[in-house]
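**Student:** Sharing a structure with you now.
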Amino acid sequence: MYGMGMVKGLLVTLKNLTKRPFTVQYPEERLKQHPRFRGEEFVWYEERCTGCASCAKFCPLGIIKIVTSPSETAPAQGDKYLLEVFDIDIARCMFCGLCVEACPYDALFMGSGFEQSQYSRKEMVIGIDQLRQADKHPSTFFRPQLESAGYDPHQGQPLHWKDVGRESWRWHQHEKAGMRLESAAGSGNGDPIEAVDDLNSPDLGGTAEDAGAPEQTQ
Ligand code: SF4
Ligand code: SF4
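Mapping the sequence shown onto our numbering, position 168 (from 1) lands on 1139, and the numbers just tick up by one.
What follows is the structure in structure tokens.
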């Protein structure tokens, strides 16, 4: 019947007039982000990073650039690489999180922010110094250990590198012991952990903190 379409349209308008708006006036108001929100300020823990570049290799867009040189602390043993460049071009990032999933050492996390806008694309490249200095409020995306601890990056304290791994730091040393450490150093009794502890001794350039890293349970 003529005019029915208009009546139907007006009914929809009337129905929605009574509903509360679900948009907010940004930036005066901000919606609360989920703890698993994949934000743009990547959180990187240099202490956990071995420089393996798995994150760069798995990035489908190839926007992570890593340059390394042999480590100064344990070059012969292959303990880890020395990171010289760690750039992420977040202007091209699609926040898929594959780099975070690929990191075997829980050194890289998605961030929790979304306000990194800049005037030029060049300024959208996060460099190693920026990553070092950034607040450590990691997203809980692909990090069940943070989720099970009830961590909320928007409310909680910054997290220390020893508190963010899926396994204890001691276990991590075990992993590192598998990286050619056992045969290269140690007391010769075949205990990989002891071999790593030897590597961390002050004589070999380690620190007391490294040698005495307490066991963490996540
Ligand atoms: S989130 Fe995806 S696109 Fe962005 S750097 Fe990581 S792997 Fe690359
Ligand atoms: S995958 Fe993890 S450990 Fe390897 S270079 Fe990337 S952040 Fe570092």
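The C-beta atom is built at its ideal place from N, Cα and C for all residues, glycine as well.
If I measure Cβ to Cβ from residue 1084 and keep anything under 6 angstroms in the same chain, skipping five residues before and after, which residues do I get?
**Tutor:** Counted from its first residue, the sequence shown places residue 1084 at position 113. Only 1010 and 1012 meet the Cβ criterion.
**Student:** Which of helix, strand or coil does DSSP assign to residue 983?
**Tutor:** The residue you call residue 983 lines up with position 12 of the sequence shown. In this structure, residue 983 counts as helix in the three-state DSSP scheme.
**Student:** Which complete beta strand (DSSP E) runs does the stretch 1032-1086 hold, if anything under 3 residues is left out?
**Tutor:** 1035-1041, 1052-1060 and 1079-1082
**Student:** Is the beta carbon of residue 1054 closer than 8 angstroms to that of residue 1022?
**Tutor:** Sequence index remark: in the sequence shown, residue 1022 carries index 51 (1-based). Sequence index remark: in the sequence shown, residue 1054 carries index 83 (1-based). Going by C-beta atoms, residue 1022 is nearer than 8 angstroms to residue 1054.
**Student:** Verify the contact flag: residue 1070, CB atom, against every heavy atom of ligand 1, threshold strictly below 7 angstroms.
**Tutor:** Mapped onto the sequence shown, residue 1070 falls at position 99. Yes, Cβ of residue 1070 sits closer than 7 angstroms to a heavy atom of ligand 1.
**Student:** Could you tell me the boundaries of the beta strand (DSSP E) in which residue 1011 lies?
**Tutor:** The residue you call residue 1011 lines up with position 40 of the sequence shown. That run of the beta strand (DSSP E) goes 1010-1015.
**Student:** Would the C-beta of residue 1273 count as close to ligand 2, meaning under 7 angstroms from any of its heavy atoms?
**Tutor:** In the structure as shown, the chain begins at 972 and stops at 1189. Residue 1273 is therefore absent and cannot be evaluated.
**Student:** Tell me whether residue 1135 sits in a helix, a strand or coil according to DSSP, three-state version.
**Tutor:** Indexing the sequence shown from 1 puts residue 1135 at position 164. The answer is coil: DSSP assigns residue 1135 none of H, G, I, E or B.
**Student:** When the Cα atoms are used, what is the spatial distance from residue 1075 to residue 1067?
**Tutor:** On the sequence shown, position 104 is the one that residue 1075 refers to. On the sequence shown, position 96 is the one that residue 1067 refers to. Computed Cα separation, rounded: 17 angstroms.
**Student:** Starting from residue 1118, trace the alpha helix (DSSP H) both ways and give me its first and last residue.
**Tutor:** The residue given as residue 1118 occupies position 147 in the sequence shown. First-last of the alpha helix (DSSP H) with residue 1118: 1115-1119.
**Student:** State the start and end residues of the unbroken alpha helix (DSSP H) segment that holds residue 1103.
**Tutor:** Working through the sequence shown from its first residue, we reach residue 1103 at position 132. Where residue 1103 is concerned, the enclosing alpha helix (DSSP H) stretches over 1099-1104.
**Student:** For the alpha helix (DSSP H) that residue 1026 lies in, which residues bound it at each end?
**Tutor:** The count along the sequence shown starts at 1 and reaches residue 1026 at position 55. For residue 1026, the uninterrupted alpha helix (DSSP H) segment begins and ends at 1025-1029.
**Student:** Within the same chain, show all residues whose beta-carbon is closer than 8 angstroms to that of residue 1040, passing over the 5 residues directly before and after it, in chain order.
**Tutor:** Counting from one through the sequence shown, the residue named residue 1040 turns up at place 69. If we look at residue 1040 and ignore the five residues flanking it on each side, its Cβ neighbours are 1052, 1053 and 1055.
**Student:** If distances are taken between C-alpha atoms only, which option among 1038, 1091 and 1080 comes closest to residue 1062?
**Tutor:** The residue given as residue 1062 occupies position 91 in the sequence shown. The residue with the shortest Cα to Cα distance from residue 1062 is 1091.
**Student:** Taking C-beta to C-beta, are residue 1135 and residue 1082 nearer than 8 angstroms?
**Tutor:** Within the sequence shown, residue 1135 is the residue found at index 164, counting from 1. Within the sequence shown, residue 1082 is the residue found at index 111, counting from 1. No, these two residues do not count as a Cβ contact at 8 angstroms.
**Student:** For residue 1149, which residues from the same chain have a beta carbon less than 6 angstroms from its beta carbon, with the 5 sequence-adjacent residues on both sides left out?
**Tutor:** Taking the first residue of the sequence shown as position 1, residue 1149 is located at position 178. A caution first: residue 1149 carries a pLDDT of 37, below 50, which makes its placement in the model unreliable, though a value can still be read off. Result list for residue 1149: empty, nothing under 6 angstroms.
**Student:** Go ahead and label residue 1193 buried or exposed: buried means 16 or more other beta carbons lie within 10 angstroms of its beta carbon, across all protein chains shown.
**Tutor:** Past the edges of the chain, shown from 972 to 1189, lies residue 1193, and the structure says nothing about it.
**Student:** For residue 1274, which residues of its own chain have a beta-carbon under 8 angstroms away from its beta-carbon, when the five flanking residues on both sides are left out?
**Tutor:** Look at the range of the chain in this structure, 972 to 1189, and you will see that residue 1274 is not part of it.
**Student:** What is the rounded straight-line gap between the Cα of residue 1088 and the Cα of residue 1018?
**Tutor:** Position 117 of the sequence shown, counted from the start, is the residue given in the question as residue 1088. Position 47 of the sequence shown, counted from the start, is the residue given in the question as residue 1018. Distance between the alpha carbons of residue 1088 and residue 1018 is about 28 angstroms.
**Student:** Run the proximity test for residue 1064: is its beta-carbon closer than 7 angstroms to any non-hydrogen atom belonging to ligand 2?
**Tutor:** Within the sequence shown, the letter at position 93 stands for residue 1064. No, the Cβ of residue 1064 stays beyond 7 angstroms of every heavy atom of ligand 2.
**Student:** Suppose the cutoff is 7 angstroms on Cβ atoms and the five residues either side in sequence are ignored; what does the same chain contact list for residue 1132 look like?
**Tutor:** Position 161 of the sequence shown holds residue 1132. Excluding positions up to five away in sequence, the list reads 1016, 1018 and 1019.
**Student:** Grab me the residues of residue 1071's own chain with a C-beta within less than 7 angstroms of its C-beta, minus the 5 sequence neighbours each way, in chain order.
**Tutor:** Looking up residue 1071 in the sequence shown gives position 100. 1079, 1080, 1081, 1112 and 1113.
**Student:** Cβ of residue 1015 within 7 angstroms of any heavy atom in ligand 2?
**Tutor:** Residue numbering aside, residue 1015 sits at position 44 when the sequence shown is read from its first letter. Under cutoff, so the answer is yes.
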